[in-house]
Each structure stands twice: as structure tokens, then as C-alpha cells.
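Here you go:
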């Protein structure tokens, strides 16, 4: 075994659900993958935090930002274990790539390590995030059209006389927040400066848990 191999740390990232069978299946799949490639020892990291939290505040955030080092490998059963939205997953993969941490996805037999294959996969995920944004925008327009057809009042609630820049995107922003997407990522999606979004949330007294 080379010195490089000796320094490599292997982590199995598991999103813990209330289904015991699910967590066991994750462990089984990850261990079969690791054993087949002589990845040992494997440190299991179980994420029990709510998926509504920003990924930086969950176990995956601590693993990427504090525990794992360049050259280390994180193994997970499937890509959806990383986050509850495509954008979250894309952000995590981007951070891992910048830190030279490889992410191995058992179900798809993918290795996200900065290679061409990983770049293509990340591009597809980015396209999926764009499609998701378009769907949210489309649903918002449909909802507004329905309210108008029903003769309901459109626009801001009474008492909010001042028009703010992001008021027209309120439904879209709230949709992203409900999906657990962090505020900096939302600012990218709606194409505004993070400070603009923070001020809008503060002025509209929208608090994020």
C-alpha cells in the first residue's frame, strides 16, 4: 500500500430516517462497495438532523468543512442522500470538488472527483436545478392567474405600502425556503445580491429557523 493510500480516509455518509430497514440497506450497499475496492477502515457518519436545515448545519457540512481532508473519499448510497433539492446537492458537490474530496455514489456507480464524467454529471444536475426553478416560476404564474380569474386581490397584503424589489418574487423565494435551500443559494437562483435578499427578508419580517 502506498503512502498516499495510507493517508486516505474513507467515510460512509448515511442520512438516517425513521425506517430502520432503510438505514440498514444504506450500510449494506456502502460496505459492499467499499469492500470491493479495499477501502478500509470506513468511518460511518450518520446525519440525524432535519433535512430542512441548510446542508452546512448538518453532518455533511461538518464532514466536508471540518473532518474530511484533500484526497479523502465520502461514500453514499445514492445522490439524493446529500440534500432535499438539486441545488443543495450541486452546492455540496462543488464544495467537495474544490477541496479535492471525492464523493462516490454507490447506486449510480459514480465517482465525483473533478474528472470529465463528474463535470458532465454536475452540469446535468445544474440543468435540473434550472428546470426546477422554471417549474416553480410556472406554478407561481398559474396560481396568480387563477387568483385573478377568481376575482381575488393580487399583490402585497394590506399594510405593506412600500414596494420592495423582491416583492414580485415572494412566492418563488418562499418556495425555495420551504425546500430547505439556504439564503445564499436562493440569491443565486433569483439573480440578486445576497445582501438584497437578506434585507428583503428582514423588512418583510420573514424569519428562517
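Numbering (our numbering), first residue to last: 2 to 210. Glycine is no exception: its CB is placed at the ideal position from the N, C-alpha and C atoms.
Exercise. Since residue 211 sits in a beta bridge, which residues does DSSP pair it with?
Worked result: In this structure the chain extends from 2 to 210, so residue 211 is not present and cannot be described.
Exercise. How about residue 109 and residue 79: do their beta carbons lie closer than 9 angstroms?
Worked result: yes
For this session: Kindly give me the distance between the Cβ atoms of residue 181 and residue 101, rounded to whole angstroms, as I take these residues to be in contact under 8 angstroms.
Result: Not really, about 27 angstroms apart at Cβ, beyond 8 angstroms.
Exercise. CA-CA distance, residue 196 and residue 125?
Worked result: For residue 196 and residue 125, the gap between their C-alpha atoms comes out near 29 angstroms.
For this session: Return the bridge partner residues of residue 103 from the DSSP annotation.
Result: 74
Problem set entry | Nonlocal neighbours in the same chain, by C-beta distance under 6 angstroms from residue 46, ignoring five residues either side | 12, 14, 60, 64
Problem set entry | For residue 106, the nearest candidate out of 187, 186, 27 (CA to CA) | 27
Exercise. Which of helix, strand or coil does DSSP assign to residue 178?
Worked result: helix
For this session: Using three-state DSSP, classify residue 112 as helix, strand or coil.
Result: Strand.
For this session: Throw me the rounded Cβ distance for the residue 76 and residue 69 pair, which I believe falls under 8 angstroms.
Result: No, residue 76 and residue 69 are not in contact; Cβ-Cβ is about 11 angstroms, not under 8 angstroms.
Problem set entry | Through-space distance from residue 170 to residue 191, alpha-carbon basis | 8 angstroms
Exercise. If residue 167 and residue 198 are in contact, beta carbons under 8 angstroms, what's the gap, nearest whole angstrom?
Worked result: 7 angstroms
For this session: Please work out which residues of its chain come closer than 6 angstroms, Cβ to Cβ, to residue 55, disregarding the five sequence neighbours upstream and downstream, and give them in chain order.
Result: Correct list, in chain order: 183.
For this session: Pick out whichever of 204, 24, 91, 143 has its Cα sitting closest to the Cα of residue 189.
Result: 91
Problem set entry | Rounded straight-line distance, which links the Cα of residue 186 to that of residue 194 | 10 angstroms
Problem set entry | Spatial distance of residue 205 from residue 176 (CA atoms) | 16 angstroms
Problem set entry | Cβ shell of residue 17 (< 7 angstroms), same chain only, five flanking positions each side left out | 24, 47, 48, 49
Problem set entry | Boundaries of the alpha helix (DSSP H) in which residue 62 is found, first to last residue | Counting along the chain, the alpha helix (DSSP H) containing residue 62 begins and ends at 60-63.
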